[in-house]
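Undergrad: Each number in the numbering used here corresponds to the 1-based position in the sequence shown with 1136 added.
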Amino acid sequence: MKERLIRPFGTGSGQATLLARIPTDLTGLTAFVLLAAVLLAAVDIASPVVRALVGFPLLFLAPGYAVVSVLFPRGVRADRAERLPVIGQTETVTETERVALAFGLSFAVLPLLGLAMAAIGWQYTTAAVVWSVTGFVLLAIAVATVRRARVSSAERYRFELGRKLGALRAGLFDSRASVTAINLLLVVSMVVAVTAVGYALVAPQNDEQYTDLRLLTETDDGEYVAGDLPDTVDSDESIPLVVTVENQEGDHEEYTAVVQEQWVDDGDVLERTELRQIDYSLGDGTTGHGDRTVTPEADAGEVRIAVMLFDDDVPETPTADDAYRYTHFWIEIEDDDLE
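Listed below in structure tokens is the structure:
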């Protein structure tokens, strides 16, 4: 009778091999960037300390480390006889070099992400920056995971946390008390510096809240440009004018723009005539264009066209002193009968 051999479906060694192939550093990086995105963008946590501690490594470490992982999937020098792809690692990169490159490449990646956001038309809000960095890091992690999987087990880079912590402890707590004190002082200084810079970068900045009022004109191509208002018009001729309001107050706002024609003598307003009012209902980060033409009522002479913006009720007699924002321009009105 033939002897039958029964092969089990799985073994403990197979599970251990599978676990060994999982890149622990990339897994931890994925978890960190997702947590940071939730805290900074979705939840919008208000604690400045938490925002600094989470925001600094998200901006200045995670993008660069992901790029380093893509470029250097090996932990040891590649065999010179091995056929490498176009982007192939041939030299060994130390742990110190990986950290230094992570910081350096992060500073190189962030401006590129900013240019991409500008090309897409995204506003530079905290949520947009956080999600763009998170998306880039996750994409780079996916590429790095594939590149590591294609490297042989003997050459593949592995992040061994226990050994790294042991080396760090040995470096910090030298047998000599003076060296230990200096090392601890350096570590505390670095933590304070990182926290301060991170806070400045990711903490909410109240002084960034503002409302912008501009007087523009519209070109034939439909673009809004500044500095193209006419110097003179004939009586009863309309002036092309676009009253533009930008809301960066952090909340939805209601505005009213009052356009006045003013006769001015030596800085004093002798007479004022309201030409029109324009209402705006703007969400945070949006811009409204009051596409209007303004027709002065004066027959001849130089008048001032004043535009006053109010974020509350408009007074019975609006003045520049009462306005939330104010701007003006001068126009010379020519009498057709004198020509």
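Think of the CB as a built atom: it goes at the ideal place given N, C-alpha and C, for glycine as much as any other residue.
In the structure shown, what three-state DSSP assignment does Thr1228 receive?
TA: In the sequence shown, counting from the first residue as 1, residue 1228 sits at position 92. Reduced to three states, the DSSP call for Thr1228 is coil.
Undergrad: For Thr1409, I'd like the list of residues in its chain whose CB is within less than 7 Å of its CB, leaving aside the five on either flank, ordered along the chain.
TA: Translated into positions along the sequence shown, residue 1409 becomes position 273. Contacts found: Gln1396, Glu1397, Glu1433.
Undergrad: Helix, strand or coil for Trp1466 per DSSP?
TA: The sequence position of residue 1466 within the sequence shown is 330, counting from 1. Strand.
Undergrad: Residues in the same chain with beta-carbon distance under 8 Å from Val1269, minus the five sequence neighbours each way, listed in chain order, please.
TA: The residue labelled residue 1269 in the question sits at position 133 within the sequence shown. Cβ neighbours of Val1269 beyond the five flanking positions: Val1169, Leu1194, Leu1195, Ala1198, Pro1199, Leu1246, Leu1249.
Undergrad: DSSP three-state call for Pro1247: helix, strand or coil?
TA: By one-based count along the sequence shown, residue 1247 stands at place 111. Pro1247 falls in the helix class under three-state DSSP.
Undergrad: Could you tell me the boundaries of the alpha helix (DSSP H) in which Ala1202 lies?
TA: Position 66 of the sequence shown holds residue 1202. Here the alpha helix (DSSP H) through Ala1202 covers 1198 to 1207.
Undergrad: When you compare only the Cα positions, how much space is there between Gln1413 and Leu1274?
TA: For the purposes of this step, residue 1413 is identified with residue 277 of the sequence shown, where counting begins at 1. For the purposes of this step, residue 1274 is identified with residue 138 of the sequence shown, where counting begins at 1. Their backbone Cα atoms lie some 50 Å apart in a straight line.
Undergrad: Who are the near neighbours of Leu1220 in its chain, counting only those whose CB is closer than 6 Å to its CB and skipping five residues on each side?
TA: Within the sequence shown, numbered from 1, the residue matching residue 1220 stands at position 84. Any reading at Leu1220 needs caution, since the residue's pLDDT is 49, under 50, leaving its predicted position unreliable; the model's value is listed next. Contacts found: none.
Undergrad: Closer than 7 Å by C-beta to Tyr1460: which residues in its own chain qualify, once you throw out the five before and the five after it? Chain order, please.
TA: Position 324 of the sequence shown, counting from 1, holds the residue named residue 1460. These residues qualify, in order along the chain: Thr1347, Leu1445, Phe1446, Asp1447.
Undergrad: Among the residues of its own chain, which have a CB less than 6 Å from the CB of Glu1382, if the five just before and after it don't count?
TA: Working through the sequence shown from its first residue, we reach residue 1382 at position 246. These residues qualify, in order along the chain: Asp1348, Thr1423.
Undergrad: Under three-state DSSP, which class holds Ala1290?
TA: As a first step, residue 1290 is located in the sequence shown; it is residue number 154 there, counting from the start. Three-state result, Ala1290: coil.
Undergrad: When the distance is taken between beta carbons, is Val1369 closer than 9 Å to Ile1467?
TA: Taking the sequence shown and counting its residues from 1, the one referred to as residue 1467 is at position 331. Taking the sequence shown and counting its residues from 1, the one referred to as residue 1369 is at position 233. Result yes, Cβ atoms of Ile1467 and Val1369 sit closer than 9 Å.
Undergrad: Can you give the Cα-Cα distance for Phe1465 and Gln1384, rounded to whole angstroms?
TA: Taking the sequence shown and counting its residues from 1, the one referred to as residue 1465 is at position 329. Taking the sequence shown and counting its residues from 1, the one referred to as residue 1384 is at position 248. Whole-angstrom Cα-Cα distance: 24 Å.
Undergrad: Counting only runs that start and end within the segment 1354 to 1435, where is the beta strand (DSSP E) found for 3 or more residues in a row?
TA: 1360 to 1362, 1368 to 1370, 1375 to 1384, 1389 to 1401, 1404 to 1418, 1423 to 1430
Undergrad: Starting from Arg1210, trace the alpha helix (DSSP H) both ways and give me its first and last residue.
TA: As a working note, residue 1210 is residue 74 in the sequence shown. First-last for Arg1210: undefined, no H or E at that position.
Undergrad: Hey, could you find the ends of the beta strand (DSSP E) Ile1480 is sitting in?
TA: Only positions 1137 to 1475 of the chain appear in this structure, which leaves residue 1480 out of reach.
Undergrad: In chain order, what residues of the same chain lie with their CB nearer than 7 Å to the CB of Thr1355, ignoring the 5 residues before and after it?
TA: Within the sequence shown, the letter at position 219 stands for residue 1355. So the qualifying residues of the chain are Val1361.
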